[in-house]
Structures are given as C-alpha cells and as structure tokens.
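Peer 1: Pasting in a structure now, in structure tokens, and then I'll have a few things to ask.
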Amino acid sequence: MATYEATIKSLLAADATLLATLTGGVYSFAADTKRLGLSRTMSPSPYLNGYLRPCALVKARDEVPSGGLLDSDQQYASIRQSVEVWLYNDGDAGYAALETARNRVYTLLQLVSLSGGGLVSWTNNLSNVRDTSLDNAAVLRADYVVNGWRQSS
Amino acid sequence: MITDADLARMQADIQTLIDNAPTSIVIRRAGTDLAAQTVHLEPLGAAGESQGENARVANAGIRIVGATTLDIKRGDRFYLASIDDLITVTSVSIDRRVYTLAYGEAGEGV
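Quick mapping for you: the protein sequence lines, in order, are chains A and B. If you're matching positions, the first sequence starts at 1 in my numbering and goes up one per residue. If you're matching positions, the second sequence starts at 1 in my numbering and goes up one per residue.
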C-alpha cells in the first residue's frame, strides 16, 4: 500500500475549507505534473491570468522499511514514508493564505488513519521560503510521515 | 549638441516604432495593477531552461520600448496573454530622454 501521495492528495482535494484558501488547487507531484513541473501547461492550472494562485503540491519521498512487521507469506513489510505538502503563492501575495492552508492541512492529516491503512503524523515545517524558479513565489512546506505497510503486487 | 528639436524628432521616431507593433500591458506592482500602457516588445534570442525544486522554467529575455513617460520599474510584472507567460522587469535604462528602454524576463514556469 504505497500510494500515500495519491491518497493524501485526494483527502486534501476533497476538503471545501482548504480549497476555499487554495484557489489554485491541490496536486500530486507524480500524477498531476509532467516534465515542466508546476506550470501553466497543467489542467486545471494553478495560474489565473498569468499569476500563481495559492496551491498545494503533495510529494512523497521513498518508502523506508520500519522493521515492525515482516511476513514472508504475503510479503508484508511495515514502512515509513515521508510526504511533503508544498504550498505555493504568488511572490507578492505573502504567506498569510499559505499559513491558513497549512493549519488546515494539519487538521486534516495529523494522526489520521488513511483509508486502506497508514497512520499520518506531522514531522516538520519549513517556513519563509522563496522559489526562484517560480519568480520568487512564496513557499511553505509541511512534512508528514505515514506509518504504513506494503506487500507484493 | 543635441537640441530639444533633435530630441523631439527622435521621440517621434520611437513613437512610430511603437505604433507599428504596439502591445498593451498592465503592469502589476506590489500587488496593484497600474493603468494599461502601450509599449513595443522585442525578443532577445533563444531561452535557456533551469530546474527548480518542483518546476522547470524557461528564462527568455524581452526588450521593452516605451515613451519617455512609461511608468515602469525593476520588479514590475505584466502578463502576456499571447504567449501565456508572465514577464518580470529586470532593469530600466538610465537615459530616458528619447525613450524608455527596459528589459524583462519570463521568470516563471511555462
């Protein structure tokens, strides 16, 4: 069960309160971005009339075995997977909307059991960041770890 | 010695250049849109690409030519619907007796 990026993206994208702040949408890095990453070629687009809107990009790092569970019959293995929630806004818009969104993401994810298995817990925040590749977009990030499991497919 | 008449003739020539290929732009400065202004835009050669954490962008340069009264500053931005891209003004020339010359860059993901 290793599609936590997709599961978390779906969970966040279903929340009307979060979407009221993230008018540019919620995206999965693997499923929703292509060669150019966060860009105007995406559909739907995080841009409106040329300017980046507040949006989120969910990006999972690799699974790491946690050693808690091993089953040779079903080839189960417990894993930990870091999932980053990147929050972007136009560089002149500041961080207020992103702070609101990050707080809402915490409410939606902290100590939540995901459908299909996996417990989410918050691990880290990254604040006051600028992305020079996106015209110095305002960036916040919230990191979570999912304690879950995988089996042979 | 350049006279006022010389400057007026040169300004008129520049205005002809602008009128031949005008583009209306709306500059956004510190989150506020200025009134639309008419300029002449020229590309500055091929674009290079660079990679950010979650985006791959093209850094194409643009020359912006306007009248001496053009309200433009470094850091200003304007959207070009024709190429669906946002231009960031990177510099403005010092000598503005004949025209305003500024340079911009497509500074966001394409």
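All C-beta atoms in this analysis are idealised placements derived from N, C-alpha and C, irrespective of residue type, glycine included. Quick caveat, the model's predicted, so the values are computed rather than measured.
1) Can you list, in chain order, the residues of its chain with a C-beta nearer than 7 Å to that of SER121 (chain A)? Leave out the 5 residues immediately preceding and following it.
2) Just verifying my parser: in three-state terms, what is the DSSP assignment at SER9 (chain A)?
3) Listing by chain order, which chain B residues have their CB less than 8 Å from the CB of THR132 (chain A)?
4) Report the neighbours of TYR79 (chain B) on chain A: residues whose CB is nearer than 8 Å to its CB, in chain order.
5) Could you name the residues of chain A that THR38 (chain B) contacts, counting a contact when the two beta carbons are closer than 9 Å?
6) Suppose the cutoff is 6 Å on Cβ atoms and the five residues either side in sequence are ignored; what does the same chain contact list for SER39 (chain A) look like?
7) For ALA31 (chain A), which of A:TYR95, A:PRO44, A:ARG102 and A:ASN124 has the nearest alpha-carbon?
8) Note down the Cα distance separating LEU86 (chain B) from SER28 (chain A), rounded to an integer number of angstroms.
9) Would you kindly check if the distance between the Cβ of ALA138 (chain A) and the Cβ of LEU98 (chain A) is under 8 Å?
10) Could you tell me whether the Cβ of ARG159 (chain A) comes closer than 8 Å to any Cβ of chain B?
11) Count the other CB atoms within 10 Å of the CB of ARG35 (chain A); is the residue buried (16 or more) or exposed (fewer)?
12) Distance cutoff 8 Å, beta carbons only. Does LEU126 (chain A) sit that close to anything in chain B?
13) Assuming GLU49 (chain B) contacts VAL57 (chain B) under a Cβ cut-off of 8 Å, what Cβ separation, rounded to an integer in Å, is found between them?
14) Taking 8 Å as the cut-off, decide whether the C-beta atoms of ASN128 (chain A) and GLY91 (chain A) are in contact.
15) Since ILE72 (chain B) and THR32 (chain B) are thought to touch, with beta carbons under 8 Å apart, how far apart are those beta carbons, to the nearest angstrom?
Peer 2: Once the coordinates are examined:
1) GLN110, LEU111, TYR144 and VAL145
2) Reading the sequence as shown, one finds Lys at residue 9 (chain A) and not Ser. Note: LYS9 (chain A) maps to helix in three-state DSSP.
3) GLY52
4) ASN49, GLY50 and TYR51
5) None at all; the shortest Cβ gap to chain A is about 18 Å.
6) none
7) A:PRO44
8) 24 Å
9) yes
10) Nothing in the structure corresponds to residue 159 (chain A), since chain A is present only between 1 and 153.
11) exposed
12) no
13) 7 Å
14) no
15) Rounded, the Cβ-Cβ distance is 14 Å, inconsistent with contact.
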